[in-house]
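In case it helps, this note's numbering puts the sequence shown at residues -13 to 365. Note that CB positions come from ideal geometry on N, CA and C, so glycine has one too. Note that the coordinates shown come from a computational prediction; the quantities given were computed from them, not determined experimentally.
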Amino acid sequence: MKRLIRVGVLGCGYWGPLLIRNFRSLPDCRLKVVCDLDIARLKHACALYSDLEGVTSPERVIKGTDLEAVVIATPVRSHYALAKASLLAGKHTFIEKPMATSTAECEELIDIARRKGLILMVDHTFLYSAPVRKIAEIVQAGDLGEIRYINSRRLNLGLFQKDINVAWDLAPHDISIILYILSEFPIAINCQGNAHVSPGVEDVTNMSLFFPHKRFATIQSSWLEPRKIREMTIVGSQRMIVYDDLQTREKIRIYDVRVVRPPHYDTFAEFHYSYHYGDSYIPHLQQEEPLNLACRHFIDCIETNSHPITGGRHGLEMIRVLEGASASLKTNGAPFLFGGPNGGALAPMPSNDGARSSSRPKRASRTASHPRLLVRGIT
Ligand SMILES: NC(=O)c1ccc[n+]([C@@H]2O[C@H](COP(=O)([O-])OP(=O)(O)OC[C@H]3O[C@@H](n4cnc5c(N)ncnc54)[C@H](O)[C@@H]3O)[C@@H](O)[C@H]2O)c1
């Protein structure tokens, strides 16, 4: 008989119960214990599933001798300490996004997992979703032509977080999707925002990520919008995609539209942009819950001892982008250039064609084409 992977979940707030439901649904997994410091949240989770053991001490889960894996769905400020303790106790560890509060913390976790031969996975849920995988497939096949820009909006009223601003809460979804689609790490980032409700915690941010070859992406994140919006536009030289994650069936629409500048003209009267309006097309997508696929992938990786698609390195790259965004935010939007593996610097923007500019630190351009980020879809 196949051995079941025994799992414990830390955190039963908003997201924890979804993880509990999904891990419980997996045939190769036995969810044994859940934990929350808040007794009311713990009771809520245990009332949903009467077979679960509920504890208020995370140590009971982390040090539990009958568990192989720990899932961390607590606020971000606690991720590092809980994940470190979990890995040191020999448990495979699944951490909710964002992985930790700094790149130094991520690097330490990656190192412990590597030394102990354990699976370390970060939940960048959208990389397990059918629309995002389909978009990446279309882009990487060249069907959109050259990607010109990506624009993403993730807006709604609340849920306000206390320990992180809206960029760290919502933008990781957009950043993970954009880096995955483009298979590239940005050269630079800038970010502006404002804290309107809780002092010091920005509830609205706008960031721009700059990539080589004039490609860029903009991300608008807000907890202060009347309507819930989850929309991304990917604009290519030949076609464009609109991805609306709130649609139930038609999440992606591909538009066969483009604008072409005439190659030659002698007089102004001869000059006309040519607008191409073709069909729009809605590809069929599998209806599978992305979080379920992410949970299943974690269990598969433990069983087969393989690297997760969104492993520790992936989590680290995300935190590098968020740290760059925070540095820029502090200076009201000054561009942050990504440097080598140990960081970057606030500096004038690089030239927009991705070529080296004399004012750009040499390390920045090396990172721009750094292959570590090249992430591939689920097979
Ligand atoms: N992947 C996604 O799409 C997605 C969506 C929402 C939230 N998240 C992530 O999930 C995590 C939790 O977010 P949330 O919205 O559920 O937060 P939340 O505040 O609603 O819930 C967190 C829970 O953890 C408990 N907790 C705090 N410290 C603890 C500890 N040391 N041990 C055990 N329990 C502890 C709290 O009492 C609370 O009930 C965050 O990292 C967040 O970014 C991910």
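| task | On a CA-only basis, which of A75, D109, T89 and Y114 is nearest R101? Give me that one, please. | result | It is A75 whose Cα lies nearest to the Cα of R101.
| request: Report back the beta-carbon spacing between V20 and A31 to the nearest angstrom; my notes put them in contact at under 8 Å. | output: That pair is a contact at about 5 Å.
| 6 Å Cβ shell around C287 - same chain, five flanking residues per side excluded | Cβ neighbours of C287 beyond the five flanking positions: I105 and P294.
| query | What is the DSSP secondary structure of I238, reduced to helix, strand or coil? | reply | For I238, the secondary structure class from DSSP, reduced to helix, strand or coil, is strand.
| said: Nearer than 8 Å: is that true of the beta carbon of W209 relative to any heavy atom of ligand 1? | reply: Checking the Cβ of W209 against ligand 1 gives no.
| field | Touch test, the stretch 119 to 126 against the stretch 296 to 305, Cβ-Cβ under 8 Å, three pairs minimum | value | The stretch 296 to 305 and the stretch 119 to 126 do not touch, with fewer than three beta-carbon pairs separated by less than 8 Å.
| task | Count the other C-beta atoms from every protein chain shown that fall within 10 angstroms of the C-beta of G103, then say buried if there are 16 or more, exposed otherwise. | result | Counting Cβ neighbours within 10 Å, G103 comes out exposed, since fewer than 16 surround it.
| request: Determine the DSSP secondary structure at Y166, reduced to helix, strand or coil. | output: Looking at Y166 - three-state DSSP - the assignment turns out to be helix.
| query | Where DSSP assigns a beta bridge to M193, which residues make up the other side? | reply | Answer is C177 and I205.
| task | Ignore the nearest five residues each way along the sequence and tell me which others in S72's own chain have a CB closer than 6 Å to its CB. | result | Sequence-distant Cβ neighbours of S72 in its own chain, meaning closer than 6 Å and more than five residues away, are I48, V56 and T79.
| Backbone CA spacing between V243 and N137 [nearest angstrom] | Distance between the alpha carbons of V243 and N137: 17 Å.
| Between which two residues does the alpha helix (DSSP H) harbouring P44 extend? | Boundaries of the alpha helix (DSSP H) harbouring P44: P44 to I48, taken from the DSSP string.
| What does a CB cutoff of less than 6 Å around V187 pick up in its chain, not counting 5 residues either side in sequence? | Result list for V187: N151 and A181, in chain order.
| query | Taking the alpha helix (DSSP H) that C32 falls in, what are its first and last residues? | reply | Boundaries of the alpha helix (DSSP H) around C32: I25 to L34.
| Given A313, which residues of its chain have a CB within under 7 Å of its CB, disregarding the five upstream and five downstream residues? | Only F322 and L332 meet the Cβ criterion.
| field | Local Cβ density within 10 Å of A280, reported as buried at 16 or more and exposed below that | value | A280 sits buried, since 16 or more C-beta atoms from the chains shown fall within 10 Å of its C-beta.
| In or out: K83 buried (at least 16 other Cβ within 10 Å) or exposed? | By the neighbour-count rule (16 or more Cβ atoms within 10 Å), K83 is buried.
| said: With three or more beta-carbon pairs closer than 8 Å as the criterion, would you say the stretch 263 to 270 touches the stretch 232 to 250? | reply: Below 8 Å, enough C-beta pairs join the stretch 263 to 270 and the stretch 232 to 250 to call them touching: three or more.
| D149 versus F257 - alpha carbon distance | Cα to Cα, D149 sits roughly 55 Å from F257.
| What are the complete alpha helix (DSSP H) segments, minimum 4 residues, inside the stretch 97 to 150? | List check, alpha helix (DSSP H) in window: 116 to 126.
| message | If I measure Cβ to Cβ from R247 and keep anything under 7 Å in the same chain, skipping five residues before and after, which residues do I get? | response | Around R247: Y259.
| query | Quick one: what's A331 bridged to in DSSP? | reply | L323.
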